[in-house]
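In what follows, a structure is listed as structure tokens, so that the remarks can point back to it.
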Ligand SMILES: [Zn+2]
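Protein chains in written order, with our numbering: chain A, 29 to 1017; chain B, 1144 to 1243; chain C, 970 to 1153.
What follows is the structure, given as structure tokens:
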């Protein structure tokens, strides 16, 4: 044997998955050598390292249990650099690459000496339900004691603090047949399905296809070894056009209508991934048929002190030997209730590993197994139990006896492998909403009927014999069974669920390793009244760790069932939920981050605004120019200047984000009458109108100016954020309530760039650019619309104002938006006009008392409340909201009404959202009678202005109210909503 | 993600193209103005939200744009039937037949 | 009088192009587009005017020279002309049986072509775009990431993808992202 630290447990000549090339890696800072193809677990075991982690609650030293995804002890922090560090990676799954850095978790200061291990001594206090019993009272302890404790205790490992620098991607895929699992069952099903010219995806969570065939060296299929047969099958499939083979790809979730989500790991095993290589890819596969060939997971034996490093599943020991050429010890005892453990023992013995004892729980086993053991010089004691183990950081002895306690014996060992039989993996079947059925004969749950187009085959269907598995593969693909010569298939007879030994045993018999749940904890939970397995699970946390009970569920269930004296199906099986194995957030997020998280929409004029120094604000998905600061200006100064320039000269504003809907057809006006509260019959072509729409309940839904272009065609505008829902609302009424109307709705929001020119010089600015229309005050008064040319392009020109000044809005086709804007700007700038942003727009509209839906209304405001009763055509027989507005509460006195507020100290600007009270001297909580919806400093008026929704506001005009703030109480006077140009003369300039 | 058959496109389409639009067959009467408060409450506010067979509206909003009706079982998420807007509500007997 | 340069059309992704071993993506030149809504009679009438029958089967398109008509909904078509100006396309007068709305500037198009075109699109589009499910000539409004798009299969390995103007940088970025894995 080689000296320590140099892969002294490597077995020459074994290991179907490893290559000859060595790679180096580190574990807890110490350098080790491994072979290409190793997992982190096999590499550490090759170097004689069994201690790989500490348990979550008691901080007990733990070694690796499994060679697959069910591993629940050996969870590692794997790091490439500070941004690429992943906690809770299972050592049995992580492939070793050159330079891999692994660290153990949940220990301080070191894995060998861990202060948290004191929890183990305090374990009587950490029994089942500990959290529920302890963290109850006093309430004051939550902040300072309980929550920090739970937060520290919860979660293993460290999440990276930096942004993930890697690429993750998404793919939608469709196929006729999706096969989950590339073991013997899956590969055979794929081979047969390809003959039907179907499109096939087959995936396997491991680096190589083959499943258990890679771990079993005895079996021969048509004369070929398992690995050879699998390799040939893969080569055959890979050569076909209609087959997609995905290795390192896990079926993590089975959703409705045969949607399976696959997680593919692409670079996790690479030493130096290409910088732009995709790290993980999420596949959302819609399959005509899903074949689940997930296999089965071996259960451990539950007995006192069954968690010492060096104790593992028999199948794991066999995989480590046959896949990776690693002997998990040199003196290995076996504790089993299942035939499969013998194969592991025999394989190890054949390599010269000493197997001092097989402790067989069953009294009767097959003669040929006994004979073979005898031949290899292995002692077998039947009807026996393991009563305990010795050792601290590694098992060093095992004590066993006959089940009646006789013939007790303790021997020295450095490993103990156990098997309590196999649990078919029903995870995906259960996620498909299938109901697992209890099979009394074999004491296991098996798939029942399939509610979706899916079928389970192979070990996950309880079919263990290879010949039967191949027959199932043929059946599920509708193929004729093919003939195969199968030799030396291993018997899977036997199995046991629940704990062995007596309840008087000392030591902890772990059911769930990761969450430190013992057989006694489950018994305690049952004693304390948890009679459903779902309750037992939550009370004890059995099966709630990252392994999701892959090892522990059946044992826990059996223990509870025995104590409750109820058959297992009556106790129930906990629900399997996706994901099947832990999956990174990166993989779920995929490409949806950064600029791909959500569309950022920009107007045709955006680039100009950006070049001219605009600050932007987000409005729904849009970015809008907020204000245009000149050198030295802060926001306040810029907005003041913009407002005053507009009011004294003019300003140019990008209103392109406004929603626009073309309402066209012979019944267009009739339809408008239904959707809007206003009347549309009298509006003449060429004229525009401010419209309000309500929902059926009478509350304001949206507003905007509508231009009538012809008798059959309206140009409707909506709020920026409201465009999609307004169109949906209109379509809903048109399609489902008024389908007989001949009207068509088309979104034209993005067809038009909209340039608002507002201010006394607005006409002077645009007049020379306009062709085909007389825009004089007489011919083109306020609230007019005309189709004409502006700068030579077809335009829709509105005479409207959202500032209270003389104003125009030029709509031109979007691709010409910037050119026209620049032409307008070339006229505007020399005249002393400015470009202004949304903030100045907001101030100026508030000065005029124009509401913004969604700011001054909140879904509970009627047109009456908002002071817009003039916009309701009461004589119309019907409109959406007409009946709702007649509801008693909406007609009652004293509703919140929109009013203006003037602060007594004009320099004080109220906070938007500030609550308003009538009497601030009353004790807290005092009655709040409303709140501020809009509040600005008005440079034009030299004072602050605000709009507010106040109970019975219209009757309080002239009265004083108060806004109690954290550090002061601000007195306000209730006013009308129009602060500037109350007569509205400027509009008509 | 569900697959929904659109009766206008006459094809199965991914759920991402659709928007649910609430309960189906709620009649907006012609004489809205004459409804009593109780009738209005029932029409506008009261919804069934059953566990089991649900008659609901969907819009193929990112597809053909049409609203249509569907009968979906809210436990299994299975669509028992889809039909165009304006078609009458299937009878209870017909729904029972679909359930088989 | 101030002159604006309105001779050319400009959009946020004008001129964008990318090609790798599997796929090429490019911003399509400006086109004339009509959102056409009609009764069956209106559709027939306008088809005569265009000298191109509008498709009546869901999910199909018809085309002739530079003109294509895409079935979008039972009363909705997207009409695209990659050469002629919009004035040539728009009906002369209003008609009670149909409604034509100029949306030439509302949409931006990308041409996605190459063996990896389907994979590029499937990174973000949940539809089955295999040739059997979405054969040449198929047209559909659908969803692409969080953007609504119209897809037209113009050839075995080529697609035209139309989205709204302001979504085009986002759609472009998604296409580039999908192109990265197009060979898979
Ligand atoms: Zn549809």
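Quick reminder that beta carbons are idealized off the backbone N, C-alpha and C, glycines included.
Small disclaimer: the values here were computed from a predicted structure and weren't measured.
The beta-carbon of residue 1242 of chain B is placed no less than 8 Å from the nearest beta-carbon of chain A. Residue 1145 of chain B does not reach chain C, its nearest Cβ partner there being about 11 Å away, counting only Cβ pairs nearer than 9 Å. Here DSSP, grouped into helix, strand and coil, assigns residue 343 of chain A to helix. Near chain C, meaning a CB-to-CB distance below 8 Å, the residues of the segment 681-707 of chain A are 690, 692, 693, 694.
The beta carbons of residue 968 of chain A and residue 658 of chain A sit about 18 Å from each other, so the pair does not count as a contact at 8 Å. Taking 7 Å as the cut-off, the C-beta of residue 1226 of chain B does not count as close to any heavy atom of ligand 1. Uninterrupted alpha helix (DSSP H) stretches at least 4 residues long and entirely within the segment 634-659 of chain A occur at 634-639, given in chain order.
A contact between stretches requires three or more CB pairs, one per stretch, nearer than 8 Å, and the segment 785-793 of chain A fails this requirement with the segment 697-716 of chain A.
For the segment 885-911 of chain A, the beta-carbon criterion of a distance under 8 Å to any beta-carbon of chain B is satisfied by 905, 906, 910, 911. Annotation for residue 1094 of chain C indicates a beta carbon at 7 Å or more from all heavy atoms of ligand 1.
Put simply, the backbone Cα of residue 431 of chain A is about 40 Å away from that of residue 255 of chain A. The DSSP-derived three-state label of residue 840 of chain A is strand. Contact between the segment 649-668 of chain A and the segment 860-879 of chain A is established, with three or more Cβ pairs separated by less than 8 Å.
With respect to chain A, the C-beta atom of residue 1034 of chain C has no partner C-beta closer than 8 Å.
Ligand 1 approaches residue 1209 of chain B closely enough that one of its heavy atoms is under 7 Å from the residue's Cβ. Within the segment 1019-1053 of chain C, contact with chain B at the beta-carbon level (separation under 7 Å) is assigned to 1027, 1028, 1041, 1042, 1043, 1045. Under the DSSP definition of a beta bridge, residue 943 of chain A partners with A:959. Residue 1166 of chain B is bridged by DSSP to B:1199. 284, 285, 287: these are the residues of the segment 284-299 of chain A whose beta carbon lies less than 8 Å from some beta carbon of chain B, given in chain order. Look at residue 864 of chain A: its beta carbon is at least 7 Å from all of the heavy atoms in ligand 1. For residue 1210 of chain B, the closest Cβ of chain A is nearer than 8 Å. Per DSSP, residue 1158 of chain B lies in no beta strand (DSSP E) and is assigned neither H nor E. Inside the segment 572-645 of chain A, DSSP marks whole alpha helix (DSSP H) runs of 4 or more residues at positions 581-592, 596-599, 613-617, 634-639, from first to last along the chain. Using a CB distance cut-off of 8 Å, residue 1216 of chain B does not count as an interface residue toward chain C. Straight-line measurement puts the Cα of residue 996 of chain C at about 6 Å from the Cα of residue 983 of chain C. Against residue 1183 of chain B, the close residues of chain A are 911, 912, 915, in the order they occur along the chain (beta-carbon pairs closer than 8 Å). Straight across, the Cα-Cα distance linking residue 121 of chain A with residue 233 of chain A is about 9 Å. Between residue 973 of chain A and residue 833 of chain A, the CB-CB gap reaches or exceeds 8 Å. The DSSP assignment places 696-703 as complete runs of the alpha helix (DSSP H) inside the segment 689-739 of chain A, in order along the chain (cut-off: 4 residues). Taking the Cα of residue 1202 of chain B as reference, the smallest distance to any Cα among A:755, A:910, A:1011 is reached at A:755. Under the Cβ criterion of 8 Å, residue 626 of chain A is counted among the residues facing chain C. For residue 974 of chain C, the nearest beta carbon of chain A is closer than 8 Å to its own beta carbon. Taken in chain order, the members of the segment 723-737 of chain A whose beta-carbon sits within less than 8 Å of a beta-carbon on chain B are 724, 725.
For residue 778 of chain A and residue 1070 of chain C, the gap between their C-alpha atoms comes out near 13 Å. In this structure, residue 797 of chain A sits away from residue 677 of chain A, with a CB-CB distance that is not shorter than 8 Å.
If only uninterrupted beta strand (DSSP E) runs of at least 3 residues are considered, those enclosed by the segment 867-942 of chain A are 924-931.
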